[in-house]
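Have a look at the structure below before the remarks.
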Amino acid sequence: MKPHRIRMTHSLIMNYRLYKKMEIYRAKPATKQEMCQFHTDEYIDFLSKVTPDNMEQYSKEQGKYNVGDDCPVFDGLFEFCGISGGGSMEGAARLNRGKCDIAINWAGGLHHAKKSEASGFCYVNDIVLGIIELLRYKQRVLYIDIDVHHGDGVEEAFYTTDRVMTVSFHKYGEYFPGTGELRDIGVGAGKYYAVNFPLRDGITDTTYKEVFEPVIGHVMEFYRPDAVVLQCGADSLSGDRLGCFNLSMAGHANCVEFVKKFNLPTLVVGGGGYTMRNVSRAWTFETGILVNQKVGPNLPFSDFYEYFGPDYELDVRPSNMENLNSREYLEKIKIQVLSNLERTRHAPSVQTADVGKGLTEHQEEQDAILDDIDEDGPGMDTRQTQRQWDRATEKEGELYSDSEDEDIASTMGVRKTGKKGSRNARDWKDGGSGTGSGNATPFTGPGGSDNASESAGGNTTKGSGATSKRDGEGRDLTEYDEELEALRKETEEEAQPDNDGDVEMGDEQPAPSTNALTDEAADEEMADVPAQSSTSSAKADPAPVVESLAQAKPEAATTDKIKIEANESSKTDSPTKGSNPGAARPSESSVVETASEGSGPTASVADGHGSKPPLTAEESASSASNPAETPSKEDK
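Listed below in structure tokens is the structure:
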């Protein structure tokens, strides 16, 4: 239940660009007065005062309010409760005003909290607060709970009224909280308006769908709710640390998709879930369903990318655990549940009354003030305000520019398209490693794209250059790999190492002329550029390259009786032709191209030394093939 899983979900939603399909509202935390619409004053007052430092002073209250064991005291406890409750109340208020059709608060769904008691990691019941806000304008509200635990706090709050029907699909039998039996159907006016469907361990997608859809279909037909609150606890997923169901991500999301088909105002909240990577996966996928945007299976790079290894996919697969829910058992429970629903065939009515001024009306006044501020304009330095960016949505078939919101998007955790992320196990498997290096060579593709998946297609070993790979946006990187593989082979053919490990620096061959030596050294230096790290090839001055070329082969230079010291000093003191200390280094693509062709950049380097004119290509070739005929500097 740590807030960290909410941050992971938010990061995935932002980097899948799902925020462009919906409006973002920053809800104010719920106040004490708003929390006391359901909870007692003494309990809320205790939550606002207790901290890890003074909790010993409230030992008696901790026992009274069940705080300390399953519900520990931590820093920022009351602030967390306010954010969770305020989000659900704000979503309900937006639905009441018709500002949205679906409101999502993944930080909510704390369905165990009681009127004056914490329970099951839940302190303030945001669901009840949201439903109370909905009841100000809606006659009947349907609450659906697909958490593996029974939604006892919500059921208890509305156990005696027919204005709220609670439907819970949960594990029952020696399992927390121990409630939710089939015979728990409500009392008084709320009799038959509490629906419980107890399940056993290991239920699968197919069997869950066979009981969920018929029950919810009959509820919609008989009860005819005006709004729906859907609690999407992710501890019913397979592999959860505390859960015992065997639902896949698709099976869990099928419930959300089915409820969405009824086109009713819907408040979607989070809930349980104790395997963080699966919780964020499921809620991100279900957000995509709610905004009619298909996402996955590849995960985008985000701040929490390494959490999703080793497959790095948006998927939660079922396991091979045994399904203890036999068809006979499920059919028996379903028949009894549908029989109880038959008694609610006539939807209850509510007498019209003045609801007074609540959060919905206060929010309308606040929005009017903020709208006036936005109309005045954000100013000359900014294109739009944070609130305008939050409310902006993209429509199908229209073109938008990401440059309008780059600064604000970066503060919201959106990584730029193509930004390099951390390498993962699949990258190593697909890309291999670079020649003579422990890492594959990162490659910057067209448009500055520098993804970690693209880096696997860099300086690879033989046989892996043509491997079909795609980056985070599905672009094929095979053509980039083929170009680098051809360049690597060409470099290997030109560079023949000898016994001492140096390239083209053998003592047996006579030294070529000074200009030819400089040309060959420059070719080697330019050919080695693609094998360097991408971080070091961003922006550098070409002047240090000239110095390294001048000092490359001192041993070979001594065999020709050339005064290399004077030549080196002239090279160091004289700038490169056409360059200046502030000039930017050419891009990697241009470096790769000139290294393939050979003599272009090295000729310009030699021209700037103040020495004799450079040799032509034919003269360089002849001098290299017949060193004895090459005249020395003294002869000339």
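The sequence shown maps to residues 2 to 637 in my numbering.
Quick reminder that beta carbons are idealized off the backbone N, C-alpha and C, glycines included.
Just so you know, these numbers come straight off a predicted model, no measurement behind them.
Asked, Found
"Alpha carbon of Glu589 to alpha carbon of Glu491, nearest angstrom", "Residue placement at Glu589 cannot be trusted, given a pLDDT of 38 that sits under 50; the coordinates are not used to answer."
"Which residues DSSP lists as bridging Asn70, in chain order", "With the sequence shown as reference, residue 70 is identified as Asp, and Asn is not the correct amino acid for it. Per DSSP, none; premise fails for Asp70."
"Buried versus exposed, by CB contacts within 10 Å (16 or more), His347", "exposed"
"For Leu96 and Tyr20, the rounded distance between their alpha carbons", "19 Å"
"Separation of Gly234 from Phe213, as counted between CA atoms", "15 Å"
"Cβ pair Met166, Leu143 closer than 7 Å", "yes"
"Phe122 - DSSP class collapsed to helix/strand/coil", "coil"
"Ser249 versus Arg278: straight-line alpha-carbon distance, rounded", "13 Å"
"Residue range of the beta strand (DSSP E) that includes Pro215", "No beta strand (DSSP E) holds Pro215; the alpha helix (DSSP H) holding it covers 206 to 224."
"Beta-carbon gap between Thr41 and Ser117 smaller than 7 Å", "yes"
"C-beta atoms of Asp236 and Val168 nearer than 7 Å", "no"
"Reference Gly321; option with closest CA among Phe286, Gly240, Thr345", "Per the sequence shown, the amino acid found at residue 321 is Asn instead of Gly. Answer by Cα proximity: Gly240."
"Spatially closest choice to Gly218 from Lys261, Asp163, His113, by CA coordinates", "Lys261"
"Inter-residue spacing [alpha-carbon to alpha-carbon] between Asn293 and Leu339", "31 Å"
"Candidates Leu78, Ile145, Thr267, of which the one nearest Ile103 by Cα", "Thr267"
"C-alpha distance - Val504 paired with Leu485, whole-angstrom precision", "With a pLDDT of only 48 at Val504, under the threshold of 50, the placement of this residue in the model should not be trusted, and no figure is reported."
"Proximity below 7 Å, CB of Leu231 to CB of Val196", "no"
"Beta-ladder partner(s) of Lys115, from DSSP", "Glu118"
"Segment limits, alpha helix (DSSP H) that includes Met250", "250 to 261"
"Residue(s) in a DSSP beta bridge with Thr167", "Tyr144, Ala195"
"Short Cβ contact (7 Å threshold) for Lys115 with Gly154", "yes"
"Proximal residues to Asp202 (C-beta, below 6 Å), its chain only, five neighbours per side dropped", "Cys245, Leu325"
"Nearest residue (CA-CA) to Asp76, options Leu48, Lys192, Cys101", "Leu48"
"Whole-Å CB distance - Leu130 paired with Met90, under 8 Å assumed", "5 Å"
"Which listed residue (Tyr138, Cys37, Asn126) has its alpha carbon closest to that of Ala108", "Asn126"
"Pairwise C-alpha distance: Gln337 and His5", "41 Å"
"Complete runs of the beta strand (DSSP E) confined to the region 259 to 342 [at least 3 residues]", "267 to 270"
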